[in-house]
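Everything in the sequence shown is counted per this note's numbering, starting at 51 for the first residue and increasing by one. As structure tokens, the structure follows; a few thoughts come after it.
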Amino acid sequence: ASMLYVAALAISAATYFGSAHLSVLVAAFFVFEACVGMYFPSIGTLRSRYLPDAQRSVIMNLFGIPLNLIVVSVFLSINTLGVSGALTCASAALGIASLCMTLLANSAKKE
């Protein structure tokens, strides 16, 4: 969960500082890319732990539909949102993912 919080913070910093502070922008994207590199192995572990093998592909495909709808809607409205708005949407999505991961971790501790 902390990796998602760090990724959300990095994208939020990139959104807030923009191109005014190039060194902060580059550092924020490096931190974000490090979080992406840690994401894929950890999500694979979580998938194997929480999703049954028989239904894993169906569940992942069903969750891919709303994800693709969000991506397409942000891309179609990029002229209205601008780069800052698109990064704000990414920050919000990472924040929601962080909260969901915290809730999942707390429910796993109770079991």
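The beta-carbon is built from N, C-alpha and C at its ideal position, and this holds for glycine as well. These figures come from a predicted structure and were not determined experimentally.
Spanning the alpha carbons of ILE128 and TYR55 requires a straight line of approximately 25 angstroms. In this structure, ALA140 places its C-beta atom within 8 angstroms of the C-beta atom of ILE61. With 16 or more neighbouring CB atoms inside 10 Å of its own CB, CYS85 falls in the buried class.
DSSP, read as helix, strand or coil, puts GLU83 in helix.
DSSP, reduced to helix, strand and coil, places LEU119 within a helical segment of the structure shown. About 6 angstroms separates the beta carbons of ALA63 and VAL74, which is inside the 8 angstroms limit, making them a contact pair.
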